[in-house]
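Worksheet: one structure, shown below.
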Amino acid sequence: KKSKGDPKAGQEEESHTCCGCRFPLLFALLQLVFGVSVTVLGFLMAGISSSLLVRDTPYWAGIIVCVVSLVGFVMLCISYQPDEKTCVQFTVKLMYFLLSAVGLVVCVLAVAFSTHHYLQITRFTCDTILESCQCKLDTTDPLSRTFVYQDADCSSVTSMLNLYLLLQMVLNLIGALVCLSACFVMWKHRYQVFYVGVRFYPLTASEGQQQKV
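Heads up: the sequence shown is residues 1 to 213, going by UniProt numbering.
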């Protein structure tokens with residue numbers, strides 16, 4: 001049993017905290033904030049034009065990150081230990097790690113789609129035709145593809161949608177970094193425990209045998 005004044009117990013508890021918060025409270029809160037922000041912003045983007053593709057309104061990325069944060073809050077109800085002692089601990093930690101990895105990939109995809117669309121809009125030449133905004137990358141080329149934004153005026157496309165895409169790039173990039181940090185912290189804790197148990201404990205045991213001899 002560890003005494004209350006045991007410095008090792010205090011160091012172990014500190015290693016599982018971040019900025020004074022028990023793991024993964026800080027990560028779950030950040031994931032929830034950015035997940036909700038991305039989701040709300042995605043639905044606002046979908047309201048600009050009915051013809052926007054799902055990839056261009058990445059509310060799906062925000063929903064996934066919100067689910068990851070909920071699993072993180074469930075982890076708070078369980079005593080966090082790098083070396084799992086129960087099936088529940090292992091299952092919840094594995095779910096949080098895998099979902100954080102999925103959230104990382106999804107956020108990176110959302111950043112890529114938003115960046116591609118943002119760069120296109122900055123080069124568009126748009127005209128309002130029959131309650132829709134029709135844009136081209138090169139007006140001099142008759143074979144150039146025409147991008148049609150239904151039920152939208154060109155000012156909304158070139159200003160509001162452009163701003164929303166820029167915000168999506170920033171929010172999803174930060175969300176990806178948060179998910180990456182959560183995965184790294186869990187991997188680091190498990191990695192340290194594994195090598196401490198395999199490499200250092202046998203040395204301690206051998207030293208004890210030499211002292212007895």
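Don't be surprised by glycine CBs; every beta carbon is placed ideally from N, CA and C.
Neighbour-count burial assignment, residue i, 16 or more Cβ in a 10 Å radius
| i | result |
| --- | --- |
| residue 93 | buried |
| residue 123 | exposed |
| residue 48 | buried |
| residue 62 | buried |
| residue 138 | exposed |
| residue 142 | exposed |
| residue 56 | buried |
| residue 27 | buried |
| residue 120 | exposed |
| residue 77 | exposed |
Contact test: residue i Cβ vs the ligand NAP heavy atom, cutoff 7 Å
| i | result |
| --- | --- |
| residue 140 | The ligand NAP is absent from the structure shown, which contains no ligands of any kind. |
Cβ distance (whole Å) where residue i is taken to contact residue j below 8 Å
| i | j | result |
| --- | --- | --- |
| residue 165 | residue 118 | 4 Å |
| residue 65 | residue 107 | 7 Å |
Where the alpha helix (DSSP H) containing residue i begins and where it ends
| i | result |
| --- | --- |
| residue 147 | Residue 147 -> not in any alpha helix (DSSP H); beta strand (DSSP E) instead, spanning 146-150. |
| residue 66 | 59-76 |
| residue 43 | 25-48 |
Backbone secondary structure at residue i - three-state DSSP
| i | result |
| --- | --- |
| residue 183 | helix |
| residue 138 | coil |
| residue 132 | strand |
| residue 107 | helix |
| residue 153 | coil |
| residue 125 | strand |
| residue 53 | coil |
| residue 143 | coil |
| residue 115 | helix |
Original post:
If we count Cβ pairs, one from each stretch, closer than 8 Å, do we get three or more for the stretch 101-116 versus the stretch 172-191?
Top reply: Judged by Cβ distances under 8 Å, the stretch 101-116 makes contact with the stretch 172-191, as three or more pairs qualify.
Subject >> the stretch 148-159 touching the stretch 88-103, judged by at least three CB pairs closer than 8 Å >> reply: No, because fewer than three Cβ pairs between the stretch 148-159 and the stretch 88-103 fall closer than 8 Å, the two stretches do not touch.
Original post:
Taking contact to mean at least 3 C-beta pairs separated by less than 8 Å, is the stretch 32-41 in contact with the stretch 61-72?
Top reply: The stretch 32-41 and the stretch 61-72 touch, with no fewer than 3 CB-CB distances between them shorter than 8 Å.
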